[in-house]
Amino acid sequence: MVRVRFAPSPTGHLHIGGARTALFNFLYARHNNGKFIIRIEDTDRTRSTEEYIEAIIEGMKWLKLDWDEGPFRQTDRFDVYRNYVNKLVSEGKVYYCYCSPEELEQRRKDALAQGKPQKYDGRCRNKERVQGSEGSRVQAAIRFKMPQEGQTIVDDMIRGKVIFENEQLDDLIIMRSDGSPTYNFTVVVDDVDMKITHVIRGDDHLNNTPKQIHIYKALGYEIPKFAHLPMILGSDKARLSKRHGATSVMAYKEMGYLPDALINYLVRFGWSYGDKEIFTREELIKYFSFENVGKSSAVFNPEKLLWLNSQYIIKSDPKELAEFVMPFLENADIIHKGQAIDMEWLSKAIKTLQERAKTLIELANSLRYYITENVQYDEKAKAKFLNEKSRDILIELKNHIESLTDFSAPELEKIFQSIVEKHNLKLGPLAQPVRVAMTGGTESPGIFEVLEIIGKEKTLKRLDRAIKTIEPNL
Ligand code: GLU
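For the sequence shown, the working numbering gives the first residue as 253, with consecutive numbering after it.
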């Protein structure tokens with residue numbers, strides 16, 4: 253059974269790169285009917301916060317990357333790490349190191365000055381355990397005995413065989429003198445304990461993998477399969493970071509992106525399936541495999557994401573968009589907080605606009621004239637269309653509409669047709685002034701649909717206001 257995990261360190265929000273890692277784990281688990289686990293790697297207590305843990309979970313939920321087990325927290329598992337350390341101590345696979353941070357720092361500087369590798373020189377490897385004055389044990393860090401010669405091969409599902417020289421590997425500290433365990437150790441212990449079969453993570457961790465492989469071996473456990481995902485880059489080909497623009501997943505939510513659009517965009521960082529660009533979630537789960545994941549990194553392209561988002565808005569169910577757009581209507585002060593709105597009606601309005609909006613912010617703004625009472629006339633549009641020339645025809649339309657019982661787009665079309673035919677006009681000289689009266693501007697979806705959605709009562713009010721704008725005394 254495939255068991256994979258997403259193991260974020262809660263030292264920041266869920267970012268684009270982390271979400272892509274989570275997504276690949278999720279898809280691999282779902283494709284193989286396996287399990288997807290979340291593990292919060294919060295052992296760095298100075299940088300981890302509760303707020304970031306919540307933010308990461310919130311991001312995962314928004315992206316609908318649902319998990320089967322967890323979120324586990326490493327800070328709840330110190331006893332587990334301690335047990336594994338004790339096992340390694342009793343087997344002589346680790347040793348106590350008494351070098352002080354100052355000494356280590358000095359030696360590191362000296363090595364740097366002499367152009368030597370800056371790894372621990374192993375001087376405590378063969379020391380006896382030091383006893384304190386009253387028989388107590390002197391505090392010491394615990395280092396892992398790395399092999400000093402030979403090679404370690406990481407057989408990666410994406411990169412193939414990657415060879416590391418063991419003499420480059422440091423005798424890393426697995427437990428600090430204060431008893432706190434370190435990353436390379438906890439990650440292996442947890443992956444063993446949680447029966448992880450495939451470790452899928454960013455390739456910034458590739459250099460850690462040979463060290464981790466030796467820890468697996470020392471603990472006597474089978475080594476999982478590894479897949480190191482290529483980095484996501486910014487426009488200048490440097491690793492994607494804040495200076496390239498928004499990198500937090502929730503910032504995209506706030507900018508009016510749909511979670512499925514972001515998912516679809518993220519999956520293409522590394523994975524492809526022929527020339528296909530747009531996938532449903534079911535298709536992603538069905539087609540996903542590491543055979544189609546490439547090793548080259550790709551540049552984050554906000555325009556492409558925006559295009560995908562517009563495609564998703566076009567093909568979304570208007571009812572679903574109605575739910576998504578509500579907070580944006582509030583933010584834009586189009587409705588007030590908690591204002592009830594007829595969702596059936598809102599989805600009908602959205603249906604007329606979804607072809608044109610690239611984000612939910614645009615969609616909310618385009619809904620403004622459907623919802624607000626007092627539309628703002630665009631000055632130019634008003635001057636051009638709400639004037640003497642249109643006054644009588646607007647009055648005529650208003651009279652017809654007053655007696656209309658079936659206020660529907662087809663019936664409205666009949667009325668418009670009969671009026672323009674009578675005056676031997678094209679539709680524009682009637683439709684445009686009405687459009688300005690209803691929306692404030694000269695562009696909108698089909699005018700009959702717009703009227704139907706605005707409804708009879710409001711349509712009459714708006715026509716009346718337009719007529720009074722032309723001639724205040726009427
Ligand atoms: N906690 C690590 C990180 O956030 C990931 C560790 C792993 O996936 O092995 O970069």
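Ideal Cβ positions, reconstructed from N, Cα and C, are used throughout, including at glycine.
Please read these numbers as outputs of a predicted model, since none were measured by experiment.
Go ahead and label residue i buried or exposed: buried means 16 or more other beta carbons lie within 10 angstroms of its beta carbon, across all protein chains shown.
i, result
"Ser342", "exposed"
"Glu682", "Checking the displayed sequence, the identity of residue 682 turns out to be Leu instead of Glu. By the neighbour-count rule (16 or more Cβ atoms within 10 Å), Leu682 is buried."
"Arg360", "exposed"
"Gly497", "exposed"
"Ser562", "buried"
"Ile566", "exposed"
"Pro353", "exposed"
"Val577", "buried"
"Thr532", "exposed"
"Val382", "exposed"
"Thr263", "exposed"
"Ile530", "exposed"
"Met312", "buried"
"Ala718", "buried"
"Glu575", "exposed"
"Ser696", "buried"
"Arg282", "buried"
"Glu401", "exposed"
"Thr461", "buried"
Can residue i be considered in contact with the ligand GLU, in the sense that its beta carbon sits closer than 6 Å to one or more heavy atoms?
i, result
"Ser261", "yes"
"Arg453", "yes"
"Val439", "yes"
"Glu535", "no"
"Glu321", "no"
"Glu343", "no"
"Glu293", "yes"
Taking a contact to mean a Cβ-Cβ separation below 7 Å, would you say residue i touches residue j in this structure?
i, j, result
"Phe278", "Leu340", "no"
"Thr434", "Phe416", "no"
"Gln464", "Val440", "yes"
"Phe324", "Arg291", "yes"
"His450", "Val256", "yes"
"Arg687", "Ile671", "no"
"Lys634", "Leu715", "no"
"Glu721", "Leu638", "Note that residue 721 is Thr in the sequence shown here, rather than Glu. In this structure, Leu638 lies closer than 7 Å to Thr721 by Cβ."
"Met446", "Ile289", "yes"
"Gln326", "Thr301", "no"
"Thr273", "Arg428", "no"
"Thr438", "Tyr372", "no"
"Glu293", "Ala259", "yes"
"Lys287", "Asp328", "no"
"Gln558", "Lys505", "Gln is not the amino acid found at residue 558; the sequence shown has Leu there. Taking 7 Å as the Cβ cut-off, Leu558 and Lys505 do not qualify as a contacting pair."
"Ile613", "Gly508", "yes"
"Leu664", "Leu615", "no"
"Tyr336", "Ala392", "no"
State yes or no: is the beta carbon of residue i nearer than 7 Å to at least one beta carbon in chain B?
i, result
"Leu649", "This model lacks chain B altogether; it includes just one protein chain."
Throw me the rounded Cβ distance for the residue i and residue j pair, which I believe falls under 8 Å.
i, j, result
"Phe580", "Tyr280", "Rounded, the Cβ-Cβ distance is 34 Å, inconsistent with contact."
**Asked** Are the stretch 267-274 and the stretch 480-499 touching, with three or more C-beta to C-beta distances below 8 Å?
**Response** yes
**Message:** Using 8 Å as the cut-off, can you tell me whether the stretch 422-433 makes contact with the stretch 392-403, which would need three or more C-beta pairs spanning the two stretches below that distance?
**Reply:** yes
**Message:** With a threshold of 8 Å, are at least 3 pairs of Cβ atoms found where one atom belongs to the stretch 689-699 and the other to the stretch 625-641?
**Reply:** yes
**Asked** Are three or more beta carbon pairs between the stretch 650-661 and the stretch 598-608 nearer than 8 Å?
**Response** no
**Asked** Does the pairing of the stretch 362-380 with the stretch 511-531 give three or more beta-carbon distances under 8 Å?
**Response** no
**Message:** Pairs of beta-carbons, one from the stretch 499-507 and one from the stretch 300-312, closer than 8 Å: are there three or more?
**Reply:** yes
**Asked** Counting Cβ pairs closer than 8 Å, one from the stretch 543-553 and one from the stretch 521-528, do we hit at least three?
**Response** yes
**Message:** Whether or not the stretch 591-600 and the stretch 559-575 are in contact is what I'm after, with contact meaning three or more pairs of Cβ atoms, one per stretch, closer than 8 Å; do they touch?
**Reply:** yes
**Asked** Are the stretch 639-646 and the stretch 606-626 touching by the rule of at least three beta carbon pairs closer than 8 Å?
**Response** no
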